[in-house]
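Asks: Supplied in structure tokens, the structure appears directly below.
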Amino acid sequence: MEKKLLKKDKLSGIVKKLAAEKTVYAPVKDEDNVLFKILEPGMEPLTSFANTKNAPKKVFFPHSELLMKYTRSPKGMVFAAMPADAEEFVLFGARPCDARSVALLDMLFDQEKWKDPYYIEKRKKGTVISLACVHPPYSTCFCTSVDGSPTSTQGADLMLTDLGENYLVEFLTPKGEALAPWFGEATAADAAAEAKKQAIAEQSAAEIKKKIPGRAIKPILDVSFEHPFWDTIAGKCLACGTCTYVCPTCHCFDISDEIKGDDGARIRNWDSCMFPLFTKETSGHNPRTSQKQRWRQRLMHKFKYYVDNFDAIACVGCGRCVMSCPVNIDIRKIVEDISKL
Amino acid sequence: MQKPLQQIVAENPYVPMPVEVIKIITEVDSKDIKTFRLAFVNKEDEERFKYIPGQFAELSLFGKGESPIGIASSPTQKGYIEFTVQKAGVVTSALHEMEEGTLMGVRGPLGNSWPIEFLEGKNIVIVGGGFAFTTLRSLINYMIFEENRKRFGKITVVYGARSPGLLLYKDELEAWGKRGDIDLNVTVDKGDSTWKGREGFVPTVCKEVAPSKENAVTVICGPPIMIRFTLPVFFDLGFSKENIITSLEMRMKCGIGKCGRCNVGSKYVCKDGPVFSLAELDKLTKEY
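So the protein sequences, as listed, match chains A and B.
Yeah, the first sequence ends on 596 if you go by our numbering, and it's all consecutive.
Yeah, the second sequence ends on 307 if you go by our numbering, and it's all consecutive.
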């Protein structure tokens, strides 16, 4: 794995040059927010920011995605066409937590038995450039409690760490190495740079004071499905679904059909386990009729079911749900409370 | 350049195989349950759609959506697949409006199946109620198929409906009744003037038939109320939870364990089920 040093003022230019050749999703300023957007000419990619309002999962798993088109024939509606294959693109500026979320989604969408071709196609075509957190950006950050770290390389193809005057550029995968020509101005990294990065990694992780027992609650969850504790967590939940929409690892979706004249499209849209209709059957029966059950599902899916199925917690500790919840439900508090059951 | 549809279908589990509705049978007096016989438009798809009784498929109506339905035919029946569908929601209502000759789609086969290898060499007790008899019918036709029959021991069937007009597959029931190798017990909650058969609820009939637990497995499917009162009968007969097999239903979309709505605990009904033994269900949460 090659490592290089790049003068900090060169980075923005490199990203813009990349954007001239292929689609680049980058963090950009949008009113009060920083959002991942396709970098158009004249737009400035941010290299110094806390984190984006939205998670970058949308570049691999869009809000709304065409699955296939169909058309009317004399004998009924028939298949017409697939969406065009994805083109090569770069996701620039993902924080390590968000890059990790992609590795977690791979476990589900790229399973041995059932593969999701839409997601996998975009994963093949997309290169992830992450920006290590030299200082954890928010008091709500808790990546170190869920198997991550502010300098984790998991899910990234190339990671940049701000060493002061230079970025340490780590080419992590063949896809990352393929970007080496764009980093032609970078020079070889020496042992001092490597040591500095190591020190930053340790100090940044130490700055995250909030620790929750992300792994330790698993055996408790194994036996707590019927615990009265669940009655207490959803009382103020509005079932708005915001937590699931901002979450980098939430991946539940709905499939629906849209038709106009003789042509139609089957699409999938993000869905949310927080919504009552999510599990409601045609008969009217609904296995999860209360917000308590839906909250239990969300928590269990992240801290038990995903661990059962993939030995991974489906939470990267980005803190977006904590910041976005309109009624201040804090998943860290819930995990702590469970650990005391 | 677009790939041929057969290739897309082979690579993409979301794209349905095109099928033609070649026969529609109205099963019940109330006319809201019909059996749809579907033939694959592409021969390769028929080869690809290798299924085992107990599996299901997503019936796909472009413009309406998809509905997960158990496969009612047996893989021993070649050239077509069958689904018995109750008219209920958007997709199934549209399906009920369709005519023979219409093109639609099928995605599958999906899910696990009745545990055929486990059932082999054993006496099989089939218990079905009402409309939930479809994948049991698949299993029965599979087991009584000439080449398969000797792989299974005694076959006992208890099948009940509310009234004679609500029994499914009437012609087959008659044919099975004439065979010497099935102990067939068809019952209705309440008969009518022409009904000469048995009257009584499924749990009661199971008690009367009293199948032996020796080397036996019960496969049971029906409305929750029937299951609730029938299970104690089999517990009293000494059947273990490992030897009582059933099938779950949940709302589904993708059918391949991705979309996240049909889980019961860590298991997805679409992918890890729909078939579970009672012993397996005991290990899962009771949220279904």
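Ideal placement from N, C-alpha and C gives every residue a C-beta, glycine not left out.
Between valine 207 of chain B and glycine 216 of chain B, is the Cβ-Cβ spacing less than 9 Å?
Replies: The sequence position of residue 207 of chain B within the second sequence is 188, counting from 1. The sequence position of residue 216 of chain B within the second sequence is 197, counting from 1. Yes, the pair counts as a contact, with Cβ atoms nearer than the cut-off.
Asks: In terms of residue numbering, what span does the alpha helix (DSSP H) encompassing aspartate 563 of chain A cover?
Replies: As a first step, residue 563 of chain A must be located in the first sequence, where it is residue number 308. Element bounds for aspartate 563 of chain A: 561 to 565.
Asks: By a C-beta neighbour count over all protein chains shown, 10 Å radius and 16 as the cutoff for buried, is phenylalanine 347 of chain A buried or exposed?
Replies: Position 92 of the first sequence, counted from the first residue, corresponds to residue 347 of chain A. By the neighbour-count rule (16 or more Cβ atoms within 10 Å), phenylalanine 347 of chain A is buried.
Asks: Output, in chain order, the set of chain A residues within a Cβ distance shorter than 7 Å of glutamate 119 of chain B.
Replies: Within the second sequence, the letter at position 100 stands for residue 119 of chain B. Residues of chain A passing the Cβ test: none, with the nearest at roughly 11 Å.
Asks: Assuming isoleucine 589 of chain A and isoleucine 488 of chain A make a contact with CB atoms under 8 Å, what is their CB distance in whole Å?
Replies: Within the first sequence, the letter at position 334 stands for residue 589 of chain A. Within the first sequence, the letter at position 233 stands for residue 488 of chain A. At roughly 6 Å, the Cβ-Cβ gap stays under 8 Å, so isoleucine 589 of chain A and isoleucine 488 of chain A are in contact.
Asks: Please classify glycine 410 of chain A: is it buried, with 16 or more other beta-carbons within 10 angstroms of its beta-carbon, or exposed?
Replies: Reading the first sequence from its first residue, position 155 is the one you call residue 410 of chain A. So glycine 410 of chain A ends up on the buried side.
Asks: Please classify histidine 390 of chain A: is it buried, with 16 or more other beta-carbons within 10 angstroms of its beta-carbon, or exposed?
Replies: What you label residue 390 of chain A is simply residue 135 of the first sequence in a count that begins at 1. Label assigned to histidine 390 of chain A: exposed.
Asks: What is the DSSP secondary structure of alanine 447 of chain A, counted as helix, strand or coil?
Replies: For the purposes of this step, residue 447 of chain A is taken as the residue at position 192 of the first sequence. Helix, per DSSP.
Asks: Name the two residues that bound the continuous alpha helix (DSSP H) containing phenylalanine 248 of chain B.
Replies: In the second sequence, the residue the question calls residue 248 of chain B occupies position 229. 243 to 255 is the extent of the alpha helix (DSSP H) around phenylalanine 248 of chain B.
Asks: Measuring CB to CB, does phenylalanine 508 of chain A end up less than 9 Å from cysteine 278 of chain B?
Replies: Position 253 of the first sequence holds residue 508 of chain A. Position 259 of the second sequence holds residue 278 of chain B. In contact: phenylalanine 508 of chain A and cysteine 278 of chain B (Cβ atoms closer than 9 Å).
Asks: With DSSP collapsed to three states, give me the class of arginine 575 of chain A.
Replies: Here residue 575 of chain A refers to the residue found at position 320 of the first sequence. DSSP places arginine 575 of chain A in helix when its eight states are reduced to three.
Asks: For aspartate 512 of chain A versus alanine 520 of chain A, is the C-beta spacing smaller than 9 Å?
Replies: Within the first sequence, the letter at position 257 stands for residue 512 of chain A. Within the first sequence, the letter at position 265 stands for residue 520 of chain A. Yes. Within cutoff.
Asks: Looking at C-alpha atoms only, which residue of A:Leu301, A:Cys576 and A:Gly403 is the closest neighbour of isoleucine 263 of chain A?
Replies: Numbered from its first residue, the first sequence carries residue 263 of chain A at position 8. As written in the sequence, residue 263 of chain A is lysine, which differs from the isoleucine given in the question. Nearest of A:Leu301, A:Cys576 and A:Gly403 to lysine 263 of chain A, Cα basis: A:Leu301.
Asks: Only counting the same chain, and skipping five residues up and downstream in sequence, which positions put a Cβ closer than 6 Å to that of isoleucine 463 of chain A?
Replies: Numbered from 1 along the first sequence, position 208 holds the residue referred to as residue 463 of chain A. The answer, listed in chain order, is Pro391, Cys396 and Thr399.
Asks: At a Cβ threshold of 9 Å, is lysine 81 of chain B touching chain A?
Replies: On the second sequence, position 62 is the one that residue 81 of chain B refers to. A small correction: the amino acid at residue 81 of chain B is phenylalanine; lysine does not occupy that position in the sequence shown. It does: the Cβ of phenylalanine 81 of chain B has a partner Cβ on chain A nearer than 9 Å.
Asks: Less than 9 Å between CB atoms is the rule here; does lysine 226 of chain B satisfy it with respect to chain A?
Replies: Counting from 1 along the second sequence, the entry for residue 226 of chain B is found at position 207. It does not; no Cβ of chain A falls within 9 Å.
Asks: For the stretch 52 to 108 of chain B, which segments carrying the beta strand (DSSP E) assignment without a break, of at least 3 residues, lie completely within its bounds, in sequence order?
Replies: The qualifying runs are 52 to 59, 75 to 80, 84 to 89 and 100 to 105.
Asks: Sorry if obvious, but does the Cβ on leucine 386 of chain A come closer than 8 Å to a heavy atom of the ligand NAP?
Replies: Judged by which ligands are present, the structure shown has none, so any question about the ligand NAP falls away.
Asks: Leaving out five residues on either side along the sequence, give the residues of the same chain with a beta carbon under 6 Å from the beta carbon of serine 231 of chain B.
Replies: As a position in the second sequence, residue 231 of chain B is number 212, starting the count at 1. So the list is empty, once near-sequence residues are dropped.
Asks: What in chain B is Cβ-close to alanine 341 of chain A, meaning under 8 Å?
Replies: Translated into positions along the first sequence, residue 341 of chain A becomes position 86. None at all; the shortest Cβ gap to chain B is about 14 Å.
Asks: Taking C-alpha atoms, which residue in A:Leu596, A:Met414, A:Pro468 and A:Leu423 lies nearest to phenylalanine 484 of chain A?
Replies: To locate residue 484 of chain A, count along the first sequence from 1; it is residue 229. Checked all of A:Leu596, A:Met414, A:Pro468 and A:Leu423; the closest Cα to phenylalanine 484 of chain A is A:Leu596.
Asks: Excluding the five sequence neighbours on either side, which residues of its own chain have a C-beta within less than 8 Å of the C-beta of glutamate 119 of chain B, listed in chain order?
Replies: Residue numbering aside, residue 119 of chain B sits at position 100 when the second sequence is read from its first letter. Cβ within range, chain order: Val40, Ile41, Lys42 and Ile43.
Asks: Taking DSSP as the reference, what is the three-state secondary structure of proline 296 of chain A?
Replies: Walking along the first sequence from the start, residue 296 of chain A turns up at place 41. Coil.
Asks: Whose CA, out of B:Phe295, B:Ala298, B:Lys290 and B:Thr304, lies closest to the CA of alanine 76 of chain B?
Replies: Looking up residue 76 of chain B in the second sequence gives position 57. Measuring from the Cα of alanine 76 of chain B, the nearest candidate turns out to be B:Lys290.
Asks: Just to check my reading of the structure: lysine 271 of chain A and tyrosine 280 of chain A have Cβ atoms closer than 8 Å, yes? What is that Cβ distance to the nearest angstrom?
Replies: Counted from its first residue, the first sequence places residue 271 of chain A at position 16. Counted from its first residue, the first sequence places residue 280 of chain A at position 25. Incorrect: roughly 13 Å between the Cβ atoms, too far for contact.
Asks: Along the stretch 498 to 509 of chain A, where does the CB come closer than 7 Å to a CB of chain B? Name the residues.
Replies: So the close ones are His506, Cys507, Phe508 and Asp509.
Asks: So what does DSSP say about phenylalanine 150 of chain B, is it helix, strand or coil?
Replies: Position 131 of the second sequence, counted from the first residue, corresponds to residue 150 of chain B. Three-state DSSP puts phenylalanine 150 of chain B in a helix.
Asks: Nearest to arginine 551 of chain A by CA position, among A:Val478, A:Pro317 and A:Lys258, is which residue?
Replies: Taking the first residue of the first sequence as 1, we reach residue 551 of chain A at position 296. That would be A:Val478, whose Cα lies nearest to the Cα of arginine 551 of chain A.
Asks: For valine 109 of chain B, does the count of other Cβ atoms within 10 angstroms reach 16, so buried, or fall short, so exposed?
Replies: By one-based count along the second sequence, residue 109 of chain B stands at place 90. That one is exposed.
Asks: Determine the contact status of threonine 504 of chain A and leucine 359 of chain A, defining contact as a CB-CB distance below 9 Å.
Replies: Counting from 1 along the first sequence, the entry for residue 504 of chain A is found at position 249. Counting from 1 along the first sequence, the entry for residue 359 of chain A is found at position 104. Closer than 9 Å, so yes.
Asks: Could you spell out where the alpha helix (DSSP H) holding proline 429 of chain A opens and where it closes?
Replies: By 1-based counting over the first sequence, the position of residue 429 of chain A is 174. Unbroken alpha helix (DSSP H) run through proline 429 of chain A: 429 to 432.
Asks: How far does the alpha helix (DSSP H) with leucine 266 of chain A in it reach, from first residue to last?
Replies: By one-based count along the first sequence, residue 266 of chain A stands at place 11. Residues 266 to 276.
Asks: Could you tell me which chain B residues have their CB closer than 8 Å to the CB of glutamate 320 of chain A, listed as they occur along the chain?
Replies: Residue 320 of chain A sits at position 65 when you count from the first residue of the first sequence. Within 8 Å Cβ-Cβ: nothing; glutamate 320 of chain A doesn't reach chain B, min ~10 Å.
Asks: Do we get a CB-CB distance below 9 Å when we pair arginine 217 of chain B with the residues of chain A?
Replies: Residue mapping note: residue 217 of chain B aligns to position 198 of the second sequence, counting from 1. Answer no: the Cβ-Cβ gap between arginine 217 of chain B and chain A never drops below 9 Å.
Asks: Mind checking if isoleucine 514 of chain A is an interface residue toward chain B, Cβ cutoff 9 Å exclusive?
Replies: One-based indexing of the first sequence puts residue 514 of chain A at position 259. True, the Cβ-Cβ gap to chain B drops below 9 Å.
Asks: If distances are taken between C-alpha atoms only, which option among A:Lys547, A:Ser303, A:Cys502 and A:Arg523 comes closest to serine 356 of chain A?
Replies: For the purposes of this step, residue 356 of chain A is taken as residue 101 along the first sequence, with counting starting at 1. Comparing Cα-Cα distances from serine 356 of chain A to each of A:Lys547, A:Ser303, A:Cys502 and A:Arg523, the minimum goes to A:Cys502.
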